[in-house]
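> In the numbering used here, the protein residues as written are 270 to 851. Glycine residues also receive a C-beta, built at the ideal position from the N, C-alpha and C atoms. Quantities reported herein were computed from a predicted structural model and do not represent experimental measurements. Please see the structure below; I have some questions.
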């Protein structure tokens, strides 16, 4: 009974629990410390320590009165609350335990870090190593680092250190991309191009179409820098060097592109992908480059290249022939350009000839020319070379007509170097218009001077007009027929030569129309009927004189005396009349 009652004191304090468990006499002195009950602190809820102390004292002094002591002790209210208040709090010990666990965990992490120090250091040095590889052009090692960092990012994307490493590696990757594209903007050869494109494909930053566009843009930048460095002071030098640069470098770029990229596309695209005509990228770029070259060519030709049009035509044709091996033959587009330039050059030359003729007519005076100029010339001075067309020497009596003919012949010689058959109608029309203007100038001269003409001057003026109509105009028609042979014109038109007249005056100036312009100032020609004795005299002529004809290459002796070379006898205007080659 006493021991069961003492169990009620287990919630008071350690001392009371010891009393209840062992009894006062059995409590070890090490726990008690003295003979008197220990001093208990003042507890809450109005219960004083003296109450418990007196009860304990009674147990010690009066063991028989245990029931009364227990009853007195039970009178203390809220023993459970008092017990909770009397023991020290357990929260500080829990915090201590938690901190101890943290320290232990940190210690384990430090040990693990120390054991993996080498591996961690290698990971932390990846950005620096990547930058070194990129700046020293070790692109293969840099690509291996990029692949390793990508695997790290997939596994540990949430770790801040890994995120920082990934960001720095991306910056170095962007620098490597810039360096690779910059290499394509230099004079790079095919093996280096293959390596650079291989690196770009491994970086996986472009699609196949984007990679093609990037390659062509970079190579085009380099080509434009080469063309921009060509001096453009002299049109002929500029276009010559442009042709050479475009022919060499464009061919290299096309060869590099075809070696790197395959234009063979599948007939059926893979499922889930749209059909992309990637070959159109290359063909569009080549078309653009050819168009730009043709534009530069036409601009330089319009600026004037002198009499070297045939040389440029040969170079351009060779350029187009070399491009035919890569499927980009553009020789057909060169013909209209050179036709326009040749015609424009001829038109300018004929207009200048007309202007000079008008200037000379403004100061021209009809005077008798020396007999040596337009009269009989020794045969030694008029030796005509085979295949040449000698101009009429009678024009030397009239310097304005001789100068005009010389200028027209110079225009013919320039045109002869590049003379497409398709220009026959345009050249004929241009020449006919120039002759009409000359006829108008002659009429204006007659109207201005007719009132002051003497009979001798009137006769000289008639001779002037006759030389123009009967010598100069027919001679220019013969020159046109040499420039544009009827056989070639008929072949170009696809008709037989006898039927060429159905297409009008393609290679012949309308002499009758020009004669009508000067008909008002010229006297009518008198037609002399044939003498009746001529028919009787014809049978008396020896047969060999009728059947024999002079060789075609040598004119009769009378014509040789009447038409000596203008070049040999020219002296009044300082110019020369060059003959046309057949």
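1) By how many angstroms is the C-alpha of residue 766 removed from the C-alpha of residue 635?
2) Hey, quick one: how far does the alpha helix (DSSP H) through residue 672 stretch, first residue to last?
3) Between 550, 583, 528 and 562, which lies nearest to residue 463 when the distance is taken from Cα to Cα?
4) Counting pairs of beta carbons, one from the stretch 372 to 387 and one from the stretch 401 to 420, are three or more of them closer than 8 Å?
5) Given that a residue counts as buried once 16 or more other Cβ atoms are within 10 Å of its Cβ, and exposed if not, what is residue 429?
6) Excluding the 5 residues preceding and the 5 following residue 734 in the sequence, name in chain order all residues of the same chain whose CB lies nearer than 8 Å to its CB.
7) Check whether the stretch 506 to 526 touches the stretch 566 to 574, taking contact to mean three or more Cβ pairs, one atom from each stretch, closer than 8 Å.
8) Are there 16 or more other CB atoms within 10 angstroms of the CB of residue 558, so buried, or fewer, so exposed?
9) Below 8 Å, how does it come out for the stretch 619 to 636 and the stretch 684 to 693: are there three or more Cβ pairs, yes or no?
10) Helix, strand or coil: how does DSSP classify residue 712 here?
11) Going by beta carbon distance, what residues of the same chain come within less than 6 Å of residue 633, once the five residues before and after it are set aside?
12) Less than 9 Å separating the beta-carbons of residue 603 and residue 563?
13) Compute the Euclidean distance between the alpha carbons of residue 396 and residue 412, then round it to the nearest angstrom.
14) Is there a Cβ of chain B sitting closer than 9 Å to that of residue 511, yes or no?
15) Evaluate residue 441 with the Cβ neighbour count: other Cβ atoms within 10 Å of its Cβ, from every protein chain shown; 16 or more gives buried, anything less gives exposed.
16) Just to confirm, are residue 661 and residue 590 a CB contact at a threshold of 9 Å?
17) Mind checking residue 713: buried by the 16 CB within 10 Å criterion, or exposed?
18) Leaving out five residues before and five after residue 690 in sequence, what residues of the same chain have Cβ atoms less than 7 Å from its Cβ?
19) Under three-state DSSP, which class holds residue 658?
20) Given a threshold of 16 other Cβ atoms within 10 Å of its Cβ, counted over all protein chains shown, does residue 674 qualify as buried or as exposed?
21) Using CA coordinates, which residue listed in 561, 615 and 613 is at the minimum distance from residue 599?
22) So what does DSSP say about residue 858, is it helix, strand or coil?
23) Since residue 505 contacts residue 438 with CB under 8 Å, what's their CB separation in whole angstroms?
24) Residue range of the alpha helix (DSSP H) that residue 433 falls in?
25) For residue 497, which of helix, strand or coil comes out of DSSP?
26) Measuring alpha carbon to alpha carbon, tell me which residue in 467, 459 and 554 is nearest residue 409.
27) Between the Cα of residue 530 and the Cα atoms of 707, 547 and 748, which residue gives the shortest distance?
28) When we look at the beta-carbon of residue 473 and count the other beta-carbons within 10 Å, is it buried (16 or more) or exposed?
29) Can you tell me the Cα-Cα spacing of residue 747 and residue 774, whole angstroms?
30) My parser needs the beta strand (DSSP E) runs of 3 or more residues fully inside the stretch 574 to 598; what are they?
31) Anyone know if the C-beta pair for residue 717 and residue 737 falls short of 9 Å?
32) Can you list, in chain order, the residues of its chain with a C-beta nearer than 7 Å to that of residue 616? Leave out the 5 residues immediately preceding and following it.
33) Give me, in chain order, the residues of the same chain whose beta-carbon lies closer than 7 Å to that of residue 701; leave out the 5 immediate sequence neighbours on both sides.
34) Would you check if the distance between the CB atom of residue 480 and the CB atom of residue 492 is smaller than 9 Å?
35) In chain order, what residues of the same chain lie with their CB nearer than 8 Å to the CB of residue 755, ignoring the 5 residues before and after it?
36) Please return the same chain residues whose Cβ sits closer than 7 Å to the Cβ of residue 422, not counting the five positions on each side in sequence.
Put simply:
1) Here residue 635 refers to the residue found at position 366 when the chain shown is read from its first residue. Here residue 766 refers to the residue found at position 497 when the chain shown is read from its first residue. Their Cα atoms are separated by approximately 44 Å.
2) Position 403 of the chain shown, counted from the first residue, corresponds to residue 672. Element bounds for residue 672: 668 to 686.
3) As a first step, residue 463 is located in the chain shown; it is residue number 194 there, counting from the start. Out of 550, 583, 528 and 562, 528 has the C-alpha closest to the C-alpha of residue 463.
4) no
5) In the chain shown, counting from the first residue as 1, residue 429 sits at position 160. Label assigned to residue 429: exposed.
6) Within the chain shown, residue 734 is the residue found at index 465, counting from 1. 711, 787, 790 and 791.
7) yes
8) Residue mapping note: residue 558 aligns to position 289 of the chain shown, counting from 1. Residue 558 is buried by the Cβ-count criterion.
9) no
10) As a working note, residue 712 is residue 443 in the chain shown. DSSP places residue 712 in helix when its eight states are reduced to three.
11) Mapped onto the chain shown, residue 633 falls at position 364. Around residue 633: 669.
12) In the chain shown, the residue the question calls residue 603 occupies position 334. In the chain shown, the residue the question calls residue 563 occupies position 294. Cβ distance < 9 Å, so residue 603 and residue 563 count as in contact.
13) Start at 1 with the first residue of the chain shown, and residue 396 comes out as number 127. Start at 1 with the first residue of the chain shown, and residue 412 comes out as number 143. The alpha-carbon atoms of residue 396 and residue 412 are separated by roughly 13 Å.
14) Of the chains in the structure shown, none is chain B; there is only one protein chain.
15) Taking the first residue of the chain shown as 1, we reach residue 441 at position 172. Its Cβ being crowded by 16 or more others within 10 Å, residue 441 is buried.
16) For this step, residue 661 is matched to residue 392 along the chain shown. For this step, residue 590 is matched to residue 321 along the chain shown. Not closer than 9 Å, so no.
17) Taking the first residue of the chain shown as 1, we reach residue 713 at position 444. By the neighbour-count rule (16 or more Cβ atoms within 10 Å), residue 713 is not buried but exposed.
18) For the purposes of this step, residue 690 is identified with residue 421 of the chain shown, where counting begins at 1. Excluding sequence neighbours, residue 690 sits near 753, 757, 758 and 761.
19) What you label residue 658 is simply residue 389 of the chain shown in a count that begins at 1. In this structure, residue 658 counts as strand in the three-state DSSP scheme.
20) In the chain shown, residue 674 corresponds to position 405, counting from 1. The residue in question, residue 674, is buried, as its Cβ has 16 or more Cβ neighbours within 10 Å.
21) Here residue 599 refers to the residue found at position 330 of the chain shown. Nearest of 561, 615 and 613 to residue 599, Cα basis: 561.
22) Residue 858 cannot be examined here, being either before or after the span of the chain that is shown, 270 to 851.
23) Position 236 of the chain shown holds residue 505. Position 169 of the chain shown holds residue 438. So it is not a contact: roughly 55 Å between Cβ atoms.
24) Sequence index remark: in the chain shown, residue 433 carries index 164 (1-based). Where residue 433 is concerned, the enclosing alpha helix (DSSP H) stretches over 429 to 453.
25) Here residue 497 is taken as the residue at index 228 of the chain shown, counted from 1. Of the three classes helix, strand and coil, the one that applies to residue 497 here is helix, per DSSP.
26) Counted from its first residue, the chain shown places residue 409 at position 140. Selected option, being the one with the closest Cα: 467.
27) By 1-based counting over the chain shown, the position of residue 530 is 261. Ranking 707, 547 and 748 by Cα distance to residue 530 puts 547 first.
28) For the purposes of this step, residue 473 is identified with residue 204 of the chain shown, where counting begins at 1. Exposed, because fewer than 16 other Cβ atoms sit within 10 Å of the Cβ of residue 473.
29) Position 478 of the chain shown, counting from 1, holds the residue named residue 747. Position 505 of the chain shown, counting from 1, holds the residue named residue 774. Distance between the alpha carbons of residue 747 and residue 774: 13 Å.
30) none
31) Locating residue 717 in the chain shown gives position 448, counting from the first residue. Locating residue 737 in the chain shown gives position 468, counting from the first residue. In this structure, residue 737 does not lie closer than 9 Å to residue 717 by Cβ.
32) Here residue 616 is taken as the residue at index 347 of the chain shown, counted from 1. The answer, listed in chain order, is 699.
33) Here the question's residue 701 lines up with position 432 in the chain shown. So the list reads 778 and 779, once near-sequence residues are dropped.
34) Residue mapping note: residue 480 aligns to position 211 of the chain shown, counting from 1. Residue mapping note: residue 492 aligns to position 223 of the chain shown, counting from 1. The answer is no: Cβ separation not under 9 Å.
35) On the chain shown, position 486 is the one that residue 755 refers to. Counting only Cβ-Cβ distances below 8 Å, and skipping sequence neighbours, we find 766, 769 and 776.
36) In the chain shown, residue 422 corresponds to position 153, counting from 1. These residues qualify, in order along the chain: 431 and 435.
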